[in-house]
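Engineer: Start counting the sequence shown at 0; every next residue gets the next number (numbering that gives the first Met the number 0). Each residue gets a CB set at the ideal place from its N, CA and C atoms; glycine is no exception. Everything numeric in this text was worked out from a predicted model, so none of it was measured. Structure below; questions to follow.
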Amino acid sequence: MQINTDLLQKISSAAARNLDSYLQKALTASAEHGSFGMQMLDQLHEKLPRTSCNDCGRCCNSVSIFSLEYHRLIREVMATWPPERLRRLVQSALRFDLRQAEAGKEKRLRCIFRDDESKVCLVHPVRPFACRIFGLLKEDGKRECEEVKDLNRPETVITQDYLVSLQAKVLENSESYRPFPDEEAIHFFPFEFWFFRYIFSPERALQIYREILVPMSTPLTKLWHKHLELPTAP
Ligand code: SF4
Ligand code: SF4
């Protein structure tokens, strides 16, 4: 499937006109969500080991997160960032076409919270499960990134089952949507999906997901390959 460039163009031009109202909508939605589930989420995040790596940022692409994690991120920046910085964040969320990147032969959407200049994650204390777990799960004895060091002594054994058990309560308390009609509803979507879900509507966000975010990201394209019109690149 090709990116729906008309839809992308519409979003980009609306971004300039409506930035402040979109910012307000995003902040209001997370303020109205309230602190429900936030403490639980923090406690579950803390159950994963502290890690270190060389912070190259290669893995900092838009990861799929729960709705609770989306609200946690927005509530954190709302509480700690000045208004102009929040405006820049929303501008970046709306102009996701400017965050397209290549990773080898694959396409990625850079994470909105990665500051490539200072090489930091701007929301490190509240980063989602997907970021915390990266490099900890071992497949065939190998980590996704060999630079990741588990700082716990002895090292915590992280398995897929342990992760699923940690996430069970978050899953119960997060929203889910069905991206394609003949698929089960899922709870994980990129930050951008949740952003558009709260400033527009779930239907609009699902259209953006299917027609822009999925074709823009090779991992998502692979995930939904059977629903797309064109084969993925070799
Ligand atoms: S986990 Fe690995 S790829 Fe990601 S920032 Fe750290 S060193 Fe880079
Ligand atoms: S939230 Fe932080 S750690 Fe996670 S992908 Fe974004 S920049 Fe990287």
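Please report the distance separating the alpha-carbon of Ser-175 from that of Ser-66.
Structural biologist: As a position in the sequence shown, residue 175 is number 176, starting the count at 1. As a position in the sequence shown, residue 66 is number 67, starting the count at 1. Going from the Cα of Ser-175 to the Cα of Ser-66 covers about 8 Å.
Engineer: Can we say the segment 21 to 32 touches the segment 65 to 81, given the rule of at least three CB pairs closer than 8 Å?
Structural biologist: Yes: the two stretches touch, three or more of their Cβ pairs being nearer than 8 Å.
Engineer: Find out if the Cβ-Cβ distance for the pair Leu-93, Ala-14 is shorter than 8 Å.
Structural biologist: The count along the sequence shown starts at 1 and reaches residue 93 at position 94. The count along the sequence shown starts at 1 and reaches residue 14 at position 15. Yes. Within cutoff.
Engineer: Does at least one heavy atom of ligand 1 sit under 7 Å from the Cβ of Asp-54?
Structural biologist: As a working note, residue 54 is residue 55 in the sequence shown. Flag set: Cβ of Asp-54 near ligand 1.
Engineer: If you compare alpha carbons, which of Ile-111, Gly-140, Leu-136 is closest to Gly-56?
Structural biologist: Within the sequence shown, numbered from 1, the residue matching residue 56 stands at position 57. Taking only the C-alpha atoms, the option nearest Gly-56 is Ile-111.
Engineer: Please determine if the segment 36 to 56 and the segment 160 to 176 are in contact, where contact requires at least 3 C-beta pairs separated by less than 8 Å.
Structural biologist: Yes, they touch.
Engineer: Compare the Cα-Cα distances from His-186 to each of Cys-120, Phe-199, Val-62, Arg-142 and report the closest residue.
Structural biologist: Within the sequence shown, the letter at position 187 stands for residue 186. Selected option, being the one with the closest Cα: Val-62.
Engineer: What residue range does the alpha helix (DSSP H) around Gln-206 cover?
Structural biologist: The residue you call residue 206 lines up with position 207 of the sequence shown. 201 to 207 is the span of the alpha helix (DSSP H), which, as asked, contains Gln-206.
Engineer: Given 7 Å as the limit, tell me if Phe-128 has its C-beta closer than that to any heavy atom belonging to ligand 2.
Structural biologist: In the sequence shown, the residue the question calls residue 128 occupies position 129. No, Cβ of Phe-128 sits at least 7 Å from all heavy atoms of ligand 2.
Engineer: At 4 residues or longer, and completely inside the segment 80 to 147: list those alpha helix (DSSP H) runs for me, N to C.
Structural biologist: Qualifying alpha helix (DSSP H) stretches, in chain order: 82 to 93, 128 to 132.
Engineer: Using CA coordinates, which residue listed in Gly-134, Pro-153, Phe-195, Leu-165 is at the minimum distance from Cys-144?
Structural biologist: The count along the sequence shown starts at 1 and reaches residue 144 at position 145. The shortest Cα separation from Cys-144 among Gly-134, Pro-153, Phe-195, Leu-165 belongs to Gly-134.
Engineer: Between which two residues does the alpha helix (DSSP H) holding Ile-211 run?
Structural biologist: By 1-based counting over the sequence shown, the position of residue 211 is 212. Unbroken run through Ile-211: none, as it is neither H nor E.
Engineer: By the DSSP assignment, the alpha helix (DSSP H) with Ser-216 in it spans what residues?
Structural biologist: Within the sequence shown, residue 216 is the residue found at index 217, counting from 1. Neither: Ser-216 is in no alpha helix (DSSP H) and is coded neither H nor E.
Engineer: Going by DSSP, what residue range makes up the alpha helix (DSSP H) through Met-37?
Structural biologist: Translated into positions along the sequence shown, residue 37 becomes position 38. 37 to 45 is the extent of the alpha helix (DSSP H) around Met-37.
Engineer: May I ask whether a heavy atom of ligand 2 can be found less than 7 Å away from the beta carbon of Arg-152?
Structural biologist: Within the sequence shown, the letter at position 153 stands for residue 152. For ligand 2, not one heavy atom lies less than 7 Å from the Cβ of Arg-152.
Engineer: Quick one: Cα of Val-125 to Cα of Gln-166, how far?
Structural biologist: On the sequence shown, position 126 is the one that residue 125 refers to. On the sequence shown, position 167 is the one that residue 166 refers to. Val-125 and Gln-166: Cα-Cα distance of roughly 15 Å.
Engineer: Should Phe-35 go down as buried or exposed, given a rule of 16 or more other Cβ atoms within 10 Å for buried?
Structural biologist: The residue given as residue 35 occupies position 36 in the sequence shown. When all chains shown are included, Phe-35 counts as exposed.
Engineer: For Phe-234, which residues does DSSP report across the bridge?
Structural biologist: Shown here, the chain extends from 0 to 233; a query on residue 234 therefore has no answer.
Engineer: Based on Cα-Cα distance, which residue from Pro-201, Lys-221, Phe-128 lies nearest to Ile-157?
Structural biologist: The residue given as residue 157 occupies position 158 in the sequence shown. Measuring from the Cα of Ile-157, the nearest candidate turns out to be Phe-128.
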